[in-house]
Structure formats: structure tokens, C-alpha cells
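Each remark here refers to the structure printed beneath this line.
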Amino acid sequence: MSSSDAGALSIPGPAGAARVSDRGSAGAPPAAAGARASRRRQLGARVIALGYLALLLLAPVAMIFYRTFEHGISPVINAATTPSATHAFWLSLEIVAIAVPLNTAFGIGMALLLERGRFWGKSILGVMIDLPFAISPVVVGLSLVLVYGKTGWLGDWLAEQGISVIFSVPGMVIATAVVSLPFVVRETMPVLRELGVDAEQAAETLGASPWQTFWRITLPGIRWGVVYGVVLTTARALGEFGAVSIVSGRIEEQTQTLPLFVQDRFENFDSTGAYTAAVVLALLALATLLAMNLLTRLTRRKTEA
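Residues 402 to 706 in the numbering used here are what the sequence shown spells out, letter by letter.
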């Protein structure tokens, strides 16, 4: 090695150390620079997502709670305990208590048919199940009036039997059941697909009847999917407005559910009553979300176990 080379490599003192440090940082590996850029992009995406949610969801909900309780708890209690409010609340629960079990039983059977069955028109039936996702609830309500109304397709026969569907609770139950129809079906089918048919075929080989196979093998295997679908169905049924508004007539203390009560109070400038009912609906929705998260965690633990 020449003396000139040695002089070039010898960098004594703090200044030389600083030059080495600067040279090392300038020559940072591309992977490290890419990782920093990726973290910045992720941070920006999180900020945008949180800002979007805050603007469209969190801020409006927070304002409802604020306006509801800004004058204290007494006006809220008074608004929540009026005959109209309590009737709307219990009518909503009554409709849910009827529509959800109906859709649960139908959803399990339809999921089994679509997942296990082999027949012509299966894809068409699957599309029909999803129609409530695509069609406006107002259209659903109008179609029910055309079928079950006094001048509808079955109107004369229903009148002869003394059965009232439109502008009464039965019509509201039907409308709620229609708009919340697909949830149990669509949440149960993937679980059925994952479950497979081996255990069912083994049970049948050992002499189990179809009902025994269903109750002891199939239903326990799909229970979390069914429960998850029931939670979604309940949330949809509680908040339904469009279809129920058409078929109910919105008669106070007769055919007025909680969402219809919110609209009625708001249109009549009773802001406290409208905000109170809206808070009740928001709390019910929050309870539904908590139930969904709990079910998701239980399902993951069950899968990991």
C-alpha cells in the first residue's frame, strides 16, 4: 500500500468520524428507505380513513347524543316515557321477535338447499335471495301493497277471510322479513361449505336419520354462522324504515315503529322526542356491533382451538 493510499484511508479526529457517519447515512440501504416510505404512506392512509369516518359517522352520532342530553336527563326521560314512544319501542321489538325467527328458520333451510342441493335454477334462486340487497325498501313496500292491499292481487280474498295485512302489523312483519331475508342465508353458507359433508355422511352410514344428522352434526357445526346472521338480521329489522313506512300507514300508537316515530317527531318539531328515539336506536345498534365483535372473537378462538 502506498503512502498516498494510507493517507486517503486515515481519517483521524472528530471531523473524520463525522465524514464517515455522513457517508454511511447517505448510503443507507434502499430497503430501509422503502420501509420508511411505506410507514409514511400507511400513516397517511390511517389519517384519511379516520378523518373520513369522523366526518361521516362519528361527528353526526356524537351530535345526536349531545343535543339529546344538553338540557339534562329529565327531558329525555319525559320524552322516552310518552305513550307514543313506548308503543313505538315495543312494537319494534314485537316485529323483530316475529320476523327474526322466521328468517332464521328460512335462512338455515335455504342455505342447506343452496349449498348441498344440485338442481336446475340454483343460481337463479341464489340471485333472488340477494334481491333485498339491491332493491330499494320503498320498492319492496309498494310491491307488497300491490299484492296484499285492498285493490291488490290477494286483496279480495284477504277481505273475504277478514284478514288485514296492509296498514297493520302483519304487513309490517312481512316487509321487515323481506328486507332482512338474506343475512342468515349468506352468513350460514360459507360455514356449511367449510364444514363439508364427511361427518354427515358418516352419521347417515351409522344409521342416523336426516333429522338426527341435522340436530347433532350440521346445526352444531354452523351455529356461529347462524348466530352471526341472526345478529345482522336483528340490526336490519330494528332500523328498517322505507318498506315499513309504505305498508304501515304510520298511525300513531298503532302502526308506528321507532324509526317512524323519529321521523314523526322531527316533522312535528319535537326535537327532544326525535333525538331521544334516535339515541335509543343508536344504542341498539351499538349493542349489535358489540355482539358481532364478541361472536367474531369466539369464532376465532373456536377455530384456533
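Yeah, the Cβ is synthetic: ideal placement off N, Cα and C, and Gly gets one too.
This one's a predicted model, so the numbers in the text were calculated from it and none came from an experiment.
Query                                                                                                                                                          : Result
Determine the extent of the alpha helix (DSSP H) in which D671 is found, giving its start and end residues.                                                    : Careful: D671 lies outside any alpha helix (DSSP H) and carries neither H nor E.
Nearest-angstrom Cα distance between F615 and F520?                                                                                                            : 21 Å
Excluding sequence positions up to five away, which residues of its chain have a Cβ less than 8 Å from the Cβ of F579?                                         : Before going on, a small fix: residue 579 reads as Val here, not Phe. Excluding positions up to five away in sequence, the list reads P533, V541, L545 and A644.
State buried or exposed for A535, treating a residue as buried only when at least 16 other CB atoms are found within 10 Å of its CB.                           : exposed
Around the Cβ of R594, are there at least 16 other Cβ atoms within 10 angstroms (buried) or fewer (exposed)?                                                   : exposed
Given R447, which residues of its chain have a CB within under 6 Å of its CB, disregarding the five upstream and five downstream residues?                     : none
Helix or strand or just coil, what does DSSP make of T656?                                                                                                     : coil
Check the C-beta distance from A679 over to A636 and give it rounded, since I have them as a contact under 8 Å.                                                : The pair is not a contact, with the Cβ atoms about 15 Å apart (cut-off 8 Å).
Would you mind listing the beta strand (DSSP E) stretches within the stretch 458–506 that are 3+ residues and don't spill past its ends, in chain order?       : none
Measure the Cβ-Cβ separation of L682 and P660 and say whether it is below 8 Å.                                                                                 : yes
Hey, out of V570, V663 and A512, whose CA is closest to E495's CA?                                                                                             : V570
Going by DSSP in three states, A609 sits in which element: helix, strand or coil?                                                                              : coil
Can you tell me whether W625 is helix, strand or coil according to DSSP?                                                                                       : helix
Counting C-beta neighbours from all protein chains within 10 Å, is the total for G510 16 or more, i.e. buried, or is it exposed?                               : exposed
Looking only at its chain, what residues have a beta carbon closer than 8 Å to the beta carbon of I465, apart from the 5 residues adjacent to it on each side? : Y676, A679, V680 and A683
Would a C-beta distance cut-off of 8 Å place S581 and T505 closer than the cut-off?                                                                            : no
Find out if the Cβ-Cβ distance for the pair P476, E641 is shorter than 8 Å.                                                                                    : no
Round the Cβ separation of T589 and G630 to the nearest angstrom and send it over; I've been treating them as touching at under 8 Å.                           : 6 Å
Between Q443 and A432, what straight-line distance do the alpha-carbon atoms span, to the nearest angstrom?                                                    : 16 Å
Work out the CA separation of L543 and V648 for me, nearest whole Å.                                                                                           : 8 Å
For a test of the three-state rule: what should DSSP assign to W554, helix, strand or coil?                                                                    : coil
Can you look up D665 in the DSSP assignment and give me helix, strand or coil?                                                                                 : helix
Under 8 Å between the Cβ atoms of T577 and A486?                                                                                                               : no
Assuming contact is defined by CB atoms lying nearer than 8 Å, are I707 and A604 in contact in what I supplied?                                                : Residue 707 is absent from the structure shown; the chain starts at 402 and stops at 706.
Which of helix, strand or coil does DSSP assign to W616?                                                                                                       : helix
Please tell me whether P484 and E668 are closer than 8 Å, where the distance is taken between their beta carbons.                                              : no
Rounded to whole angstroms, what is the Cα-Cα separation between A450 and V548?                                                                                : 44 Å
Helix, strand or coil, according to DSSP, for F642 in the structure here?                                                                                      : coil
Whole angstroms are fine: how far does the CA of D557 sit from the CA of G563?                                                                                 : 10 Å
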